[in-house]
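First the structure, in the form of structure tokens, and then the observations on it.
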Amino acid sequence: MSKKIKVAVVGMRFGAEFVPIYLHHPWVERVAICDSNPDTLNEVGNKFGVDRRFTSMDDLLASGDYDAVHLVTPVTYHAEHSIAVLNAGMHCACTIPMGLSMEELYRVLEAKWRSGKNYMMMETACYTREFLYAKEMYESGEMGKIQFMRCAHYQDMDGWPEYWKGFPPLMHPTHALGPVLDLISKRPLKVYALGSGSMREELVRKYNNPFPIETAIYQLEDSDVAVELTRTMFHTAKAYSESFNVYGEKASFEWQQIEEELPIVMRIGELTEHRGRPISIERVEVPDRAELLPKEIQRFTKRGVYDENNPHLSFLQGGGHGGSHPHLVHEFVSSIVEGRAPHIDEVKAATWTAAGICAHESALQGGREIAIPNFKE
Numbered sequence: 033m034s035k036k037i038k039v040a041v042v043g044m045r046f047g048a049e050f051v052p053i054y055l056h057h058p059w060v061e062r063v064a065i066c067d068s069n070p071d072t073l074n075e076v077g078n079k080f081g082v083d084r085r086f087t088s089m090d091d092l093l094a095s096g097d098y099d100a101v102h103l104v105t106p107v108t109y110h111a112e113h114s115i116a117v118l119n120a121g122m123h124c125a126c127t128i129p130m131g132l133s134m135e136e137l138y139r140v141l142e143a144k145w146r147s148g149k150n151y152m153m154m155e156t157a158c159y160t161r162e163f164l165y166a167k168e169m170y171e172s173g174e175m176g177k178i179q180f181m182r183c184a185h186y187q188d189m190d191g192w193p194e195y196w197k198g199f200p201p202l203m204h205p206t207h208a209l210g211p212v213l214d215l216i217s218k219r220p221l222k223v224y225a226l227g228s229g230s231m232r233e234e235l236v237r238k239y240n241n242p243f244p245i246e247t248a249i250y251q252l253e254d255s256d257v258a259v260e261l262t263r264t265m266f267h268t269a270k271a272y273s274e275s276f277n278v279y280g281e282k283a284s285f286e287w288q289q290i291e292e293e294l295p296i297v298m299r300i301g302e303l304t305e306h307r308g309r310p311i312s313i314e315r316v317e318v319p320d321r322a323e324l325l326p327k328e329i330q331r332f333t334k335r336g337v338y339d340e341n342n343p344h345l346s347f348l349q350g351g352g353h354g355g356s357h358p359h360l361v362h363e364f365v366s367s368i369v370e371g372r373a374p375h376i377d378e379v380k381a382a383t384w385t386a387a388g389i390c391a392h393e394s395a396l397q398g399g400r401e402i403a404i405p406n407f408k409e
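Quick note: the sequence shown uses this note's numbering, first residue 33, plus one each step.
Listed below in structure tokens is the structure:
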């Protein structure tokens, strides 16, 4: 590609994960970083050799020097910051979720459509090595017809920053829900959800959310497949995991129940004289998919990369989130350079986020059916 773009990354806690990937992407000409904490900003800038630094996102946007901004800021600012980037005439990538209310989603959509720039939700779970493996199984026909899908995200968030305190579980759904919806490319139509358990009073106050756990069932458009989603953030003795399970007629795939656990593939055999057909169970070593990326950033799919001679190539988490980070960067950058919509565009982002917002509303109303808007319209 002869065309190259200039990218700024905002938010240097988790955002530092992405800086070296942008620095070595062959279609990125320049990288800037931004964080309101000067110490954090300079630590990351010095680590990766980034000279262009901003402590104010307003100053960054006013500079007019960048084509695109990747937002890795607190969840309560996602909509506000996305709108500011788009209104400044820049392409926007933002970590999940798109927003915290239906009003915020519509405002981001309006800003995107008015600007004509790209918006991409950076959902890691749709680019993990595990998802890419399951997607290949499904698209090759190995699974046969999908019969049911289940997904979950378990995480204890006590002690996290204040804005997470008492956060409604299903308003942060896409690490679990995104992969299953993406796999079969179906839109959720309706949701029925229930809350479970009880929380300490100080956790209830901020969001008026009484539930440490929420579970939802989704009806999909033009599909007979149901999807079950469970999310917990407090008061539950369950090890961290993001997971999705896809149950097919011929074969099924179960991602981790415990973080870093090998996924399971089950295959159904022929009926014998015994009751039921035999099911084989295999733990699979899921490969990295570096070959899908430009050679300059293939190393970033690996776990724990570090080069003593080139410390600016090292990064903090090492193949973070199932090796998804370089795939996300490449999709965002290539969508801009190629003049097309990114795979997780504004409509998918709004749909997947709204599916969680609507599920939480259903749980608050004791399982009432809630329709999910069709953002394509």
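We put the CB at the ideal spot given by N, CA and C, even for glycine.
Predicted model, so just to flag it, every value in this text is computed and none were measured.
Strand pairing of residue i, partner residues [DSSP]
i	result
C158	None, per the DSSP bridge assignment.
E253	Beta-bridge pairing links E253 to no other residue.
N69	In the DSSP output, where bridge partners are listed per residue, N69 has none listed.
I311	I300
L261	C183 and A248
H102	V41 and A125
P326	None; P326 has no bridge partner.
G227	E246
Y151	C124
K368	Lys is not the amino acid found at residue 368; the sequence shown has Ile there. According to DSSP, I368 bridges with nothing at all.
C-alpha distance - residue i paired with residue j, whole-angstrom precision
i	j	result
G401	V39	As written in the sequence, residue 401 is Glu, which differs from the Gly given in the question. One C-alpha to the other measures close to 42 angstroms.
H123	D377	11 angstroms
K177	D254	14 angstroms
T304	G227	43 angstroms
F276	E409	29 angstroms
E328	R161	19 angstroms
S366	Y98	16 angstroms
P193	D71	19 angstroms
T105	S114	10 angstroms
R321	L164	8 angstroms
P244	A373	36 angstroms
F180	D256	9 angstroms
Secondary structure of residue i, DSSP reduced to three states
i	result
Y272	coil
D79	Per the sequence shown, the amino acid found at residue 79 is Lys instead of Asp. Reduced to three states, the DSSP call for K79 is helix.
S284	strand
G388	helix
S356	coil
N277	strand
V316	coil
L215	helix
F46	coil
R321	coil
A64	strand
F86	strand
Close Cβ partners of residue i (< 6 angstroms) along its chain, the five nearest in sequence each way excluded
i	result
K222	Q251, E401 and A403
M154	A125, T127 and L360
A381	M130 and M153
G388	L202, M203 and P205
D214	C158
P211	A157, C158, F163 and F276
N119	A143
Cβ neighbours of residue i in the same chain (closer than 7 angstroms, five flanking residues each side left out)
i	result
G399	Y224, A225 and L226
G131	H110, A111, L137, V140 and T385
Validate contact between the stretch 180-196 and the stretch 265-278 using beta carbons, cut 8 angstroms, 3 pairs: yes
Touch test, the stretch 60-70 against the stretch 319-334, Cβ-Cβ under 8 angstroms, three pairs minimum: no
Inter-stretch contact at 8 angstroms, needing at least 3 Cβ pairs: the stretch 43-60 / the stretch 72-79: yes
Segment contact flag, the stretch 191-210 with the stretch 295-313, C-beta cutoff 8 angstroms, min 3 pairs: Contact fails: fewer than three Cβ-Cβ distances are below 8 angstroms.
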